[in-house]
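In what follows, a single structure is set out as structure tokens and then discussed.
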Amino acid sequence: MDNESTYSGYSYKSSQSRSSRKHRDRRDRHRSKSRDSSIRDKSVTIQAPGEPLLDAESTRGDDRDDNWGETTTVVTGTSVDSVSNEDLTRMSKDLEDSSPLQCRRFLGPALGGVLGLFALVTPLAFLALPQLLWRDTLEPCGTPCEGLYISLAFKLLILLISTWALFLRPPRATLPRFFIFRCLLLALVFLFVASYWLFYGVRVLEPRETDYRGIVGYAASLVDALLFIQYLALVLLEVRHLQPAFCLKVVRTTDGASRFYNVGHLSIQRAAVWLLDQYYNDFPIYNPALLNLPKSILSKKMSAFKVYNLGEENSTNNSTGQSRTMIAAASRKRDNSHTEYYYEEAEVERRVRKRKARLVVAVEEAFTHIKRHQDEEGGVSSPKHPREVMDPREAAQAIFAPMARAMQKYLRATRQQSYHSMESIINHLQFCITHNMTPKAFLELYLSPGPTLQYLDTSRGRQWTLVSEEPVTSALRQGQVFSLRRLDFSLVVTVTPLPFLNLGEEFIDPKRHKFVMKMQSETSV
Amino acid sequence: MSNFMPGQPLVAVVQRIEIKKLRQGENLILGFSIGGGIDQDPGQNPFSDDKADKGIYVTRITPGGPADAANLRMGDKIMQVNGYDMTMMTHDQARKRLTQKKEDVVRLLVTRKSLEEAVKTSMGGCYPRQ
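For the record, the sequence lines run as chains Y and A. Counting with numbering that gives the first Met the number 0, you get residues 0 to 524 for the letters of the first sequence. Counting with numbering that gives the first Met the number 0, you get residues 0 to 129 for the letters of the second sequence.
Written as structure tokens, this is what we have:
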């Protein structure tokens, strides 16, 4: 079966196969064969190369640790959005995808930075060059010049601070095409400064202009113009898209999780970046193990009919006819796969609830074993058994033991075991103990699938592909559809404009609120 | 309608009206509508003299129906139905009294303004009034 290989990182036990030692041994031997015999045996276990990480801990010799090490596969460092540990080539490709080239990220901002610096230095150069080159012939310029100096200084300071605040932020994404507004602004600045330099070169440097006040005024006008360009940049880059204009519907292709977002006037690529920020926040983690119907239900439909060729030589004709008859026959046959699916669902839900109850009770009990140690100066009474004072890590390890089994079973029931290794659970426990959290707060991480960001290793970048029929720098329009693709799933985005709101007014005089008893009811007899 | 003094017996000139119920489908209808009752707002009553009167009044007569044939008029105040007093009834109780499924015939005692006038003129002013 083809689709088994995608989910082979997980082992899920059906209700029939309990974790008895005998059954486990049998499963160990049939490890490779059990992939094909999905009809009679529902549990599939694949030994994955990621497991050696846990073997060191599993040699403690406890029963539960053997269980843990054998059937849990841990995701380490690669992208958690697609979890398939068995294919090494796929893992390496994953590594490439998730850490893009570091240099390219900073190319654009570097260019902008250079241009900005050049633009900032220019007024000072305008002022300094005459002083350096032909100081003697300059007309002395008294108070008006000093006033201009002060205003120039402050404007430059403001320009500097706002440039730092607005533009000197580390970029969050690399876009596939040029960011049009940013390019426009850079070109504008360059053009501006270049034309000012041209004018300055021709009219001031060449004839060695002596009117210094005019030169200072010229430099001040450049700074004014730069401030206005910065205002333009603020409006174009930051403010214009704040007013919501479109509603984007985002649907994840694998499990149908969907959200609606309001955005303003953006280009497709900018909208995609904004959307991905929200995606990591809002969408629950994509768990490939939770998706399909159990194989036993689906395979029964297919294996029910065999079609025999009775002497016909025309093979192409027959294949389509064959499939058509199979499909027609399968649909006509009264199949009970929906009832099986229903009962299977109910069974799974019941099992999850039972394990959750056990987990909650175990955690509550575990938390009662420790309490915060209050420092008592001078010792109120010498304690009979001096309690050993532990730091959070040791306390976490101490109370992890009684709840480990319940936790493991629950994670396996909800197919979350790959997201939480034993180490991470102890870390989380230590964190919760340090911050005085209740057992319920500790369990919050495990009881519901959190947003994708929670499971992410944030040191690496994420590679997404924007798939669109129109150029990605075009603005959002009604009815556009584009999708953001990763390796194993994609997000399909549909754009609809927000409706135009026609707001009317109705004034109600507060004195008009009056009430009467109901009209005499009239009944016909 | 005569003034009603609480605690005093009420004196009124009444007319006896007998209405045979008409069967329509599975319902027995009388062919008129009532309004009023002790749980209703008496000020809304267009037919009563005394706007504090919470009695049951006839508000509409279906033309050609049994009530019309029996000479019931719009604005009549119903005093009794088959012997049961209707002057202190809620609207719903009155409706139930009139629509008993087991009764084919209702005998009403109704009063109206014109009755008093007629009695006064015929008796020539010697009618004892309290």
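Glycine included, every Cβ here is placed at the ideal spot set by N, Cα and C.
{"Query": "For residue 352(Y) and residue 472(Y), the rounded distance between their alpha carbons", "Result": "49 Å"}
{"Query": "At least 3 beta-carbon pairs within less than 8 Å: the segment 90-105 of chain A vs the segment 28-35 of chain A", "Result": "yes"}
{"Query": "Three-state secondary structure assigned by DSSP to residue 14(A)", "Result": "strand"}
{"Query": "Per-residue burial, residue 174(Y) [other beta carbons within 10 Å of its own, 16 or more giving buried]", "Result": "buried"}
{"Query": "C-beta neighbour in chain A for residue 493(Y), strict 8 Å", "Result": "no"}
{"Query": "Contact under 8 Å by Cβ, residue 389(Y) with residue 362(Y)", "Result": "no"}
{"Query": "C-alpha gap between residue 477(Y) and residue 491(Y), whole angstroms", "Result": "15 Å"}
{"Query": "Sub-8 Å separation of residue 69(A) and residue 18(A) beta-carbons", "Result": "yes"}
{"Query": "Contacting positions in the segment 31-44 of chain A - beta carbon closer than 9 Å to chain Y", "Result": "31, 32, 33, 34, 35, 36, 39, 40, 41, 42, 43 and 44"}
{"Query": "Beta carbon proximity, residue 58(A) to chain Y, threshold 8 Å", "Result": "yes"}
{"Query": "Check whether residue 432(Y) and residue 391(Y) have beta carbons under 8 Å apart", "Result": "yes"}
{"Query": "Span of the alpha helix (DSSP H), counted from its first residue to its last, around residue 267(Y)", "Result": "267-281"}
{"Query": "Inter-residue Cα distance where the pair is residue 142(Y) and residue 496(Y)", "Result": "58 Å"}
{"Query": "Residues that residue 284(Y) bridges to, as DSSP identifies them", "Result": "Paired residue(s): none; residue 284(Y) is not in a bridge."}
{"Query": "For residue 513(Y) and residue 524(Y), the rounded distance between their alpha carbons", "Result": "32 Å"}
{"Query": "Chain A within 8 Å of residue 14(Y), Cβ atoms only", "Result": "Summary for residue 14(Y): the model assigns pLDDT 39, below 50, so the residue's position carries little reliability; its value from the coordinates is reported in the next sentence. No, residue 14(Y) does not count as interfacial toward chain A."}
{"Query": "Chain Y contacts made by the segment 92-115 of chain A, where a contact means CB separation under 7 Å", "Result": "94, 97 and 98"}
{"Query": "Residue(s) in a DSSP beta bridge with residue 261(Y)", "Result": "246(Y)"}
{"Query": "6 Å CB neighbourhood of residue 218(Y) in its chain, flanking five on each side removed", "Result": "122, 125 and 126"}
{"Query": "Straight-line Cα distance separating residue 213(Y) from residue 193(Y)", "Result": "19 Å"}
{"Query": "For residue 248(Y) and residue 493(Y), the rounded distance between their alpha carbons", "Result": "5 Å"}
{"Query": "Alpha-carbon spacing of residue 77(A) relative to residue 101(A), whole angstroms", "Result": "20 Å"}
{"Query": "Neighbourhood of residue 484(Y) by C-beta, 6 Å cutoff - its chain only, sequence neighbours within 5 removed", "Result": "464 and 466"}
{"Query": "Residues of its chain near residue 161(Y), where Cβ-Cβ distance is below 7 Å and the 5 sequence neighbours each way are ignored", "Result": "229"}
{"Query": "Residue-level contact to chain Y via CB, residue 9(A), 8 Å cutoff", "Result": "no"}
{"Query": "Straight-line gap, residue 54(A) to residue 73(A) (C-alpha atoms, nearest Å)", "Result": "14 Å"}
{"Query": "Proximal residues of chain Y, C-beta to C-beta of residue 16(A) below 8 Å", "Result": "Per Cβ cutoff of 8 Å: no residues; residue 16(A) is ~14 Å from chain Y at best."}
{"Query": "Contact with chain Y by residue 21(A), beta-carbon distance below 8 Å", "Result": "no"}
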